[in-house]
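Here the protein sequences come in this chain order: A and B.
Its first residue numbered 5, the first sequence is counted upward by one per residue in the working numbering.
Its first residue numbered 5, the second sequence is counted upward by one per residue in the working numbering.
Quick reminder that beta carbons are idealized off the backbone N, C-alpha and C, glycines included.
2 protein chains.
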Amino acid sequence: MNKYFLHGKLKASSGNGEKLAAILIEASKLVSRSATCQLYLVSKDPEQPETIWVTEVWDNKEAHDASLQNPEVRALIGQAIPILDGMPAGGQTLEVLGGYGV
Amino acid sequence: MNKYFLHGKLKASSGNGEKLAAILIEASKLVSRSATCQLYLVSKDPEQPETIWVTEVWDNKEAHDASLQNPEVRALIGQAIPILDGMPAGGQTLEVLGGYGV
Chain A
5 MNKYFLHGKL KASSGNGEKL AAILIEASKL VSRSATCQLY LVSKDPEQPE TIWVTEVWDN
65 KEAHDASLQN PEVRALIGQA IPILDGMPAG GQTLEVLGGY GV
Chain B
5 MNKYFLHGKL KASSGNGEKL AAILIEASKL VSRSATCQLY LVSKDPEQPE TIWVTEVWDN
65 KEAHDASLQN PEVRALIGQA IPILDGMPAG GQTLEVLGGY GV
C-alpha cells in the first residue's frame, strides 16, 4: 500500500474552533475530487475545543503537495490563516502499510 | 458525522516493527467485517522503524470497545503484547466532525 499519511494539529484562536473546522470540511470536498486523495478527515479534540486535527491519506507526498497549489484550496487556506492561533504544531507524517478503509 | 477516532502509537521491541505491523494488519481484516468500523489503518513512522501507528474510526466508543471482546481480536492482541516495547503511549482520541473517505 505505502500511502502518504499526514495527521496534523491546528489550533484556532479563541471561539473559532467550529469556524476552522467548517473551512477544513470545505477543503475536504475539494480534495475528494482528486483520485490521488483517499482520506481527509476533520476532527476535534473534545477536551480542547479550539484544537482541530486533519488526517489525510494520499497516494504520495507529491500528490499532497500538488493539492496545495489548487487555487480553491489556497483560497480556503487564506480564510483559515487569520483565525489560527500560531503555526500548525504537532502530529505525524507516516507511511500507511495496510489496513482497512482507504 | 461525529464518529469516534483513535490514533495511537505502539512501539515494538528492537527488530519487531514489521512483525507488529503484520499482526495489526490481520486485526484490520477482522474489524473490517464490522459495520461499525469505517477505518483501521496501520502506518509506520519512516524515521522510527519500530514505531507503528494505528488509526481507527468507529461509529462510537462502544463499538470500538466491543471489538476488543472479539476472541479473534484478543488472540492477535495476545500475539502483539510479547513484542511490544512498553505500553502504548502517545496519540489522540478525537471526534470526527466531517470530511472525506469514511
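- If you look at Glu51/B, you'll find it isn't in any alpha helix (DSSP H); DSSP assigns it neither H nor E.
- Between the C-alpha atoms of Gln73/B and Ala31/B there is a straight-line separation of about 13 Å.
- The CB of Ile29/B comes closer than 8 Å to the CB of Leu101, Gly102 and Gly103 in chain A, given here in chain order.
- When the beta-carbon positions are compared, Leu88/B and Ser17/B come within less than 8 Å of each other.
- Secondary structure of Leu14/A (DSSP, three-state): strand.
- Between Trp62/B and Tyr8/B, the C-beta gap is smaller than 8 Å, which places the two residues in contact.
- Straight across, the Cα-Cα distance linking Tyr44/A with Glu51/A is about 22 Å.
- Spanning the alpha carbons of Glu66/A and Thr40/A requires a straight line of approximately 10 Å.
- Only residues of its own chain outside the window of five on either side were considered, and among them Asn74, Glu76 and Val77 have a CB closer than 7 Å to the CB of Leu34/B, listed in chain order.
- Excluding the 5 residues flanking it on each side, Lys23/B has same chain C-beta neighbours closer than 8 Å at Ala16 and Ile87, in chain order.
- By the C-beta density criterion, Asn20/A is buried, having at least 16 other C-beta atoms within 10 angstroms.
- Counting along the chain, the unbroken alpha helix (DSSP H) around Val77/B starts and ends at Pro75 to Ala84.
- Each of Ser38/B, Gly12/B, Ile29/B and Leu14/B was checked against the Cα of Asn6/A, and the nearest Cα belongs to Ile29/B.
- Per DSSP, Val100/B is one residue of the beta strand (DSSP E) stretching across Gly95 to Tyr104.
- Short of 6 Å from the beta carbon of Gln96/A, and not among the five residues preceding or following it, lie these beta carbons of its own chain, in chain order: His11.
- Per DSSP, reduced to three states, the secondary structure at Leu43/A is strand.
- The DSSP-derived three-state label of Leu88/A is strand.
- According to DSSP, Lys7/B shares a beta bridge with Val100/B.
- Contact residues of the segment 5 to 16 of chain B toward chain A are Phe9 and His11 (C-beta to C-beta distance below 7 Å).
- DSSP places Gly21/B in the uninterrupted alpha helix (DSSP H) bounded by Gly21 to Val35.
- Separation of the CB atoms of Leu80/B and Ala25/A is rounded to 34 Å, and the pair is thereby denied contact status at 8 Å.
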